Amino acid sequence: MRHLTVILCLWGLTSDASAETGAALYARHCAACHGANLEGQPEWRSPKADGSYPAPPHDAEGHTWHHDDAMLTDYVARGGQAVLDEMGVLFRSAMPAFGETLTADEIAAILDFIKSTWPERIRQAREQRLAPAP
Numbered sequence: 023m024r025h026l027t028v029i030l031c032l033w034g035l036t037s038d039a040s041a042e043t044g045a046a047l048y049a050r051h052c053a054a055c056h057g058a059n060l061e062g063q064p065e066w067r068s069p070k071a072d073g074s075y076p077a078p079p080h081d082a083e084g085h086t087w088h089h090d091d092a093m094l095t096d097y098v099a100r101g102g103q104a105v106l107d108e109m110g111v112l113f114r115s116a117m118p119a120f121g122e123t124l125t126a127d128e129i130a131a132i133l134d135f136i137k138s139t140w141p142e143r144i145r146q147a148r149e150q151r152l153a154p155a156p
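When we follow this note's numbering, the leftmost residue of the sequence shown carries the number 23, and every step to the right adds one.
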């Protein structure tokens, strides 16, 4: 039982460290579009003249928490349009690809940071939403 406690404590430290690293990476690579406080751009639900949508918020008001980590990682790495096209979704995304700029670990750290800001009710709702069907 002591080993499990140590592992869980170390995991918590890793998650906190990852979120701290992610905060710095988010500020450098994401905040210009998604906002310093994860608030997104104004009118993010309305298309711009080119048909793309402004950057959505990553806080509890946005829809980031609706998606699993694999999809979010893919979206960041390959860019929104590539992912949406592959999925057959008729939606225009202006999200650039960061796969040549950020490593997989850096993308994971950014996601850890974003998730660390969500209130408990959003974390629980996400867990339920993403849980496999029985």
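For glycine and all other residues, C-beta sits at the position ideal for the given N, C-alpha and C.
None of these values were measured; they are calculated from a predicted model.
Buried versus exposed call for residue 109 [16 or more other C-beta atoms within 10 Å across all chains shown]:
Position 87 of the sequence shown holds residue 109. Exposed, by the Cβ-count rule.
Taking the straight line between their C-alpha atoms, what separation do you get for residue 142 and residue 87?
Here residue 142 corresponds to residue number 120 of the sequence shown, with the count starting at 1. Here residue 87 corresponds to residue number 65 of the sequence shown, with the count starting at 1. Each residue's alpha carbon lies about 12 Å from the other.
Where the alpha helix (DSSP H) containing residue 139 begins and where it ends:
Working through the sequence shown from its first residue, we reach residue 139 at position 117. Boundaries cannot be given for residue 139, as no alpha helix (DSSP H) includes it and DSSP labels it neither H nor E.
By how many angstroms is the C-alpha of residue 100 removed from the C-alpha of residue 83?
Within the sequence shown, residue 83 is the residue found at index 61, counting from 1. Within the sequence shown, residue 100 is the residue found at index 78, counting from 1. Spanning the two alpha carbons is a distance of roughly 24 Å.
CB-CB under 6 Å to residue 119, same chain, minus the five flanking residues each way: which ones, in chain order?
To locate residue 119, count along the sequence shown from 1; it is residue 97. Same-chain partners within the cutoff: 100 and 101.
Only counting the same chain, and skipping five residues up and downstream in sequence, which positions put a Cβ closer than 7 Å to that of residue 128?
Within the sequence shown, numbered from 1, the residue matching residue 128 stands at position 106. Taken in chain order, the residues that qualify are 47.
What do you get for residue 154, buried or exposed, if any count of 16 or more other CB atoms within 10 angstroms of its CB means buried?
In the sequence shown, counting from the first residue as 1, residue 154 sits at position 132. With fewer than 16 other Cβ atoms within 10 Å, it is exposed.
Just to confirm the assignment, what range does the alpha helix (DSSP H) spanning residue 55 have?
Here residue 55 refers to the residue found at position 33 of the sequence shown. Residue range 53-56 is occupied by the alpha helix (DSSP H) that includes residue 55.
By DSSP, does residue 74 sit in helix, in strand, or in coil?
Mapped onto the sequence shown, residue 74 falls at position 52. Residue state, collapsed to three classes: strand.
Considering only residues of the same chain and omitting the five flanking positions on each side of residue 121, which have a CB-CB separation below 7 Å?
As a working mapping, residue 121 is identified with position 99 in the sequence shown. Counting only Cβ-Cβ distances below 7 Å, and skipping sequence neighbours, we find 99 and 100.
For residue 105, count neighbouring C-beta atoms within 10 Å of its own C-beta (all shown protein chains included) and say buried if the count is 16 or more, exposed if not.
By one-based count along the sequence shown, residue 105 stands at place 83. Counting Cβ neighbours within 10 Å, residue 105 comes out buried, since at least 16 surround it.
Taking the DSSP output, what are the residues bridged to residue 100?
If you number the sequence shown from 1, residue 100 lands on position 78. In DSSP, residue 100 forms no bridge with anything.
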